[in-house]
Every structure is written in structure tokens, then in C-alpha cells.
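Have a look at the structure below, then the notes.
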Amino acid sequence: MSQTSTLALLERYYAAFNAGDTAAMEALVSDDIAHDVNQGGRRNGKALFAQFNAHMTRCYKEQLTDMVLFANEDGTRAAAEFIVNGTYLATDEGLPEAAGQTYRLPAGTFFDVKDGKIARITTYYNLEDWIAQVGA
Numbered sequence: 001m002s003q004t005s006t007l008a009l010l011e012r013y014y015a016a017f018n019a020g021d022t023a024a025m026e027a028l029v030s031d032d033i034a035h036d037v038n039q040g041g042r043r044n045g046k047a048l049f050a051q052f053n054a055h056m057t058r059c060y061k062e063q064l065t066d067m068v069l070f071a072n073e074d075g076t077r078a079a080a081e082f083i084v085n086g087t088y089l090a091t092d093e094g095l096p097e098a099a100g101q102t103y104r105l106p107a108g109t110f111f112d113v114k115d116g117k118i119a120r121i122t123t124y125y126n127l128e129d130w131i132a133q134v135g136a
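Structure representation (C-alpha cells):
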């Protein structure tokens, strides 16, 4: 892939995220996707990625803004920086009780891209900041 095609792939991925279209997101990742969740372990494979997306859709409603995308010249590695604007819809296990709290949180994601698909997603944000915002 080229730098341009990788950036276009990420634009499609994040457009699907903001539209709440998890099926479109899942279509853009490889079958053996490596998904590193902030403050958690790695989930391998599209089935676990889909399971994670279903869980997130139940607990959170999020829109990403102030998006900046980066990719290396050959398009095999990329990154995104953005602001997560969210609403905490349902209590997530081990986290504070949900009561519709809103939050605004800077975050970033790193990607590996292989054969036209996203092969790795590693997302980082400040969990302590999020907990403070939702009123633990």
C-alpha cells in the first residue's frame, strides 16, 4: 500500500466509527487483527474485535473529532490522534457506574497495515482522566 491509500483506509475506518457502523469497521480489518485495548490485553482475530465493538456500542456512544492522521511512506504503519467526545451509557465491569455522563478525552491509535487491511490497532488514552470525568 502507499501512504495515500493507507490514509484513505483510516479515513474510511474512522468515518465508520463515527457513524456507529461496526460492520464497516470490521470489513476493513484483517481476519487475524491484533487489537490492543488501552489498559488491557491483546485480542487476536476478527471475532474478538467484533465482540469488543458490540460491548463498546452497549456501554458508550462516542464521536471522534480533531482527527490528525499520519502514515509512513510505504503505508505499512500509521497513527491517529483525536479527541473522544463520549457518553457513558451502561456500566462497564470494574469501572464507575454509568449515568449518562459525558466526557472529552484526548487519545491516539497506532496501526499496522498489510495487504490493504488494518492488521493491528493499538489505542491509548488516559484512563484516570476518563474516570475523573465520569465522576468516580
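For the sequence shown, position 47 matches number 47 in the UniProt record's numbering, and the numbering has no gaps at all.
Glycine included, every Cβ here is placed at the ideal spot set by N, Cα and C.
Taking the alpha-carbon of residue i as reference, which of the options has the nearest alpha-carbon?
i	options	result
G20	T4, E97 and H55	H55
A99	D92, A107 and Y88	Y88
T123	D112, G116, L9 and C59	D112
N53	G75, M67, G40 and A23	A23
A16	Y103, L64 and H35	L64
P96	V84, Q39 and W130	W130
A119	G40, T6 and V29	V29
R104	D115, K114 and N85	N85
Decide if residue i is buried, meaning its Cβ has at least 16 other Cβ atoms within 10 Å, or exposed.
i	result
A80	buried
L10	buried
I33	buried
A132	exposed
T102	exposed
G40	exposed
Check your understanding: Hey, which unbroken runs of the beta strand (DSSP E) at 3 residues or more fall wholly within the UniProt domain "SnoaL-like" (11–121)?
Key -> Taking only runs of at least 3 residues, the beta strand (DSSP E) segments lying wholly in the UniProt domain "SnoaL-like" (11–121) are 29–36, 42–44, 60–71, 77–88 and 102–114.
Point to revise | the stretch 62–72 contacting the stretch 43–50, beta-carbon criterion three pairs below 8 Å | key: Counting Cβ pairs under 8 Å, fewer than three are found: no touch.
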